[in-house]
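> Take the sequence shown: its position 44, counting from 1, is numbered 212 in this note's numbering, and each next residue is one higher.
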Amino acid sequence: MIKLLRIDHRLLHGQVAFSWSKQIGTDCILLACDTLLNDNLRMTAIKMAKPSGIKVVAKTIDNAIKAIESGVTDKYKLFIVVESIKDANKIARALEIKEINLGGTKPETGKQRLSTAVYVNEEETEILKELIKDGFNVFTQMVPSDKRIETKDLLK
Numbered sequence: 169m170i171k172l173l174r175i176d177h178r179l180l181h182g183q184v185a186f187s188w189s190k191q192i193g194t195d196c197i198l199l200a201c202d203t204l205l206n207d208n209l210r211m212t213a214i215k216m217a218k219p220s221g222i223k224v225v226a227k228t229i230d231n232a233i234k235a236i237e238s239g240v241t242d243k244y245k246l247f248i249v250v251e252s253i254k255d256a257n258k259i260a261r262a263l264e265i266k267e268i269n270l271g272g273t274k275p276e277t278g279k280q281r282l283s284t285a286v287y288v289n290e291e292e293t294e295i296l297k298e299l300i301k302d303g304f305n306v307f308t309q310m311v312p313s314d315k316r317i318e319t320k321d322l323l324k
């Protein structure tokens, strides 16, 4: 069962590992990212941030979709974390995950600030608008104790 799909460019860190995991009652965090598996430094940091009692698995986007479609993850209360809006779009559409938590994206040149920790460029803005238009509920919330803000209200 998929508990939550979250976009967070940091993937696994204190907020994700502890706050969100506890809030949604997950027992497995799936980090779906095409670059993570080949980045030893990031993998080491991920292993250090792993909360006890929760399984953490890293897969490419396509392999994450295949694993979920195969049913191998059905026994878990799954928390999927991706690092980009583009990745979330691919996974949400492939698996029909209708709710997406927009937690944080990296500030970069050419991006505008959408909320406290969310920065988007034109392509990402269009992806978010399309998701919302197609019936996906995208909400912005860094930690569970923060107020949940509907992303559509930020895109006006």
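Where is the CB? At the ideal position from N, CA and C, for every residue including glycine. This one's a predicted model, so the numbers in the text were calculated from it and none came from an experiment.
Comparing alpha-carbon positions, which option in K279, L323, K320, S313 lies nearest S187?
Position 19 of the sequence shown holds residue 187. Closest option to S187, Cα to Cα, is S313.
> What's the call for E292, buried or exposed, on a 16-neighbour Cβ count within 10 Å?
By 1-based counting over the sequence shown, the position of residue 292 is 124. Buried, by the Cβ-count rule.
> Taking buried to mean at least 16 other C-beta atoms within 10 Å of its own C-beta, is K227 buried or exposed?
The residue labelled residue 227 in the question sits at position 59 within the sequence shown. The residue is buried, with at least 16 neighbouring Cβ atoms inside 10 Å.
> Indicate the three-state DSSP secondary structure (helix, strand or coil) for N231 in the structure shown.
For the purposes of this step, residue 231 is identified with residue 63 of the sequence shown, where counting begins at 1. Of the three classes helix, strand and coil, the one that applies to N231 here is helix, per DSSP.
> Rounded C-beta distance between V240 and L199? I'm assuming under 8 Å.
The count along the sequence shown starts at 1 and reaches residue 240 at position 72. The count along the sequence shown starts at 1 and reaches residue 199 at position 31. V240 to L199, Cβ: 16 Å. No contact.
> My output table needs one value for Q309: the three-state DSSP class, helix, strand or coil.
Along the sequence shown, one-based indexing puts residue 309 at 141. Residue state, collapsed to three classes: coil.
> Rank K266, Y244, E267, L282 by C-alpha distance to the C-alpha of T273 and give the top, closest one.
Counted from its first residue, the sequence shown places residue 273 at position 105. Of the candidates K266, Y244, E267, L282, the one whose C-alpha sits nearest the C-alpha of T273 is L282.
> State the CB to CB distance for the pair D120 and G271, rounded to an integer number of angstroms; the pair is presumed to be in contact (CB under 8 Å).
The requested residue 120 does not occur in the structure, where the chain is confined to residues 169 to 324.
> What residues match up with D242 in a beta bridge as DSSP calls it?
The residue you call residue 242 lines up with position 74 of the sequence shown. Paired residue(s): none; D242 is not in a bridge.
> Can you list, in chain order, the residues of its chain whose CB lies under 8 Å from that of N305, leaving out five sequence neighbours each side?
For this step, residue 305 is matched to residue 137 along the sequence shown. Cβ neighbours of N305 beyond the five flanking positions: K266, E267, I268, E318.
> Let's test the definition: count the other Cβ atoms within 10 Å of the Cβ of R178 and tell me whether it reaches 16, buried, or not, exposed.
Here the question's residue 178 lines up with position 10 in the sequence shown. The residue in question, R178, is buried, as its Cβ has 16 or more Cβ neighbours within 10 Å.
> Does Q280 pass the burial test, meaning 16 or more other C-beta atoms within 10 Å, or should it be called exposed?
Within the sequence shown, the letter at position 112 stands for residue 280. With fewer than 16 other Cβ atoms within 10 Å, it is exposed.
> Just the C-alpha distance for D302 and A217, rounded to the nearest angstrom, thanks.
Within the sequence shown, residue 302 is the residue found at index 134, counting from 1. Within the sequence shown, residue 217 is the residue found at index 49, counting from 1. Taking the straight line from one Cα to the other gives about 35 Å.
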